[in-house]
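Counting with full-length UniProt numbering, you get residues 1 to 416 for the letters of the sequence shown.
Glycine is no exception: its CB is placed at the ideal position from the N, C-alpha and C atoms.
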Amino acid sequence: MIIATLIFLPILTGVLSTYLYRRAVPRSVWILSFGAFAVRVGYVLFDRVFGVYAGGGDQAGYDTTFWFVAQQWRSGVLFAPLQYGLSPGNTGDYMLLYSSVFSPAYAVFGHIVTLPRLQMALVGTLVVVNVYCIGRVLASHRVGFAAGAIAAVFPYWIVLSGIIYRDMFVVFLFSMMAYYFVRWQSGEQTTKLLALLFLFTGLALSMRLQNLIAVGAMFAVAAFLIVGTNIRGYVLTVVTSLVAAAAMYSRFGSELVLDELAGRRRWLARPNPGAYLPGFAYESLYEFIVFAPIGALHFALVPFPWHVVDFMSQIAFLQNLFIWYPVIVLSVIGFSDCLSTPSGRKIVLPLMAFSLAGIFGYGIVEGNVGPANRHRAQFQFVFFVLAGVALSKRVRISAFSEDASQTETSLGTDHT
């Protein structure tokens, strides 16, 4: 195990270095990224020794699937992930992509459970780089660095980068989508960029199709802003919204009937530290509409003090109190700053539509604190970027301004 880990870590380091080089980031971002990677790797190794938190039952299922696919590869079954994904009774469609990415380490080195967790540490670090790049395209190096720094030190993101739940991988795919989207919105409109945008959008949705409502909202707002405030703009926005809504209903319609939602609400309201509003159910459309903002706020802000029952919940609560809640306040300020320019509006309005639609969508059915924290991570990077906008204009830190001349030219040298 030690030898395999010592071989695997330099490979991951090489991948990170290549990614940073191709993104043409300045020296300060290299330092930030390798620091974030070291923290995430350190968490994985620390947890392997002391058992802080390595994920729950789902992680064991993922690990079993990765090893099964790896064994199939070792036996010469080249399309093992596809074979598994299409097997009768399998509803985990996302495992097709997930196992394709994380099983190779098992196929090469054997069933060493640390390896996919180290690989996820790399994925979490790449998210930090992506958050920086989004902020850089939106405004400047200063904004990107501030946003990336928040992503690098955010405690729950460190935890998600050290376990093999799929959430951080989904965040990576959505941050890639957002990166190519903001480049497109900023005027860099090439066929290759558009293809990459749709590619990563499709990959992200393949990992969690429920996020179609958030992606649909983003593209609907973007369509309106591209065409303009005229009849064509309104028509295109309505058509885009209807397509997204129809796609959602065709896939999840049976779960969105009010009596089905009522049943799910009762299930989610079972007594445990993560439950809330016991006995509440959507028994009418009126109750459904009234509850939507309450559910969204709960999803966005948990855990609360009464949810603190163990060490991990203490960390989550303190993280909210000292980092996440201030980030929300700063993001409101940053959002206001971005609205002052037409180019800023073209970028941040669709991104905010993506985040808020996701938060409202999950808030309707997400009752437990643990899943809420994990699923919320899919949309937090937008708030990190907007908080970076607010910080960069109001806080003077040398790293924010470092390599500014290099950054000004780096957008043209991103080897996408």
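> What does a CB cutoff of less than 6 Å around residue 388 pick up in its chain, not counting 5 residues either side in sequence?
Replying inline: 135, 143, 146, 147
> For residue 162 versus residue 27, is the C-beta spacing smaller than 9 Å?
Replying inline: no
>> Just to check my reading of the structure: residue 330 and residue 391 have Cβ atoms closer than 8 Å, yes? What is that Cβ distance to the nearest angstrom?
In response: 6 Å
> Does the Cβ-Cβ distance between residue 98 and residue 62 come in under 9 Å?
Replying inline: yes
> Got a sec, what are the start and stop residues for the alpha helix (DSSP H) residue 370 sits in?
Replying inline: 369-394
> DSSP three-state call for residue 302: helix, strand or coil?
Replying inline: coil
> First and last residue of the alpha helix (DSSP H) that includes residue 167?
Replying inline: 167-185
> Does the region 288-296 come close enough to the region 364-383 to have 3 or more Cβ pairs within less than 8 Å?
Replying inline: yes
> Three-state secondary structure (DSSP) at residue 23?
Replying inline: coil
>> Counting C-beta neighbours from all protein chains within 10 Å, is the total for residue 20 16 or more, i.e. buried, or is it exposed?
In response: buried
>> Is it buried or exposed, residue 276, if we count other Cβ atoms within 10 angstroms and call 16 or more buried?
In response: Unreliable positioning characterises residue 276 in this predicted model, as indicated by a pLDDT of 41, which lies under 50. A coordinate reading is not provided.
> What whole-angstrom Cβ distance do residue 127 and residue 175 have, given they're in contact under 8 Å?
Replying inline: 5 Å
> Under a three-way DSSP split, which group does residue 189 fall into?
Replying inline: coil
> Of the residues 287, 313, 184, 131, which one's Cα is nearest the Cα of residue 171?
Replying inline: 131
>> Checking 9 Å against the spacing of the C-beta atoms, do residue 197 and residue 177 come in under that value?
In response: yes
> Helix, strand or coil: how does DSSP classify residue 290 here?
Replying inline: helix
> In the structure shown, what three-state DSSP assignment does residue 49 receive?
Replying inline: helix
> Beta-carbon separation of residue 58 and residue 156 under 9 Å?
Replying inline: no
> Does the beta-carbon distance from residue 112 to residue 4 come in below 9 Å?
Replying inline: yes
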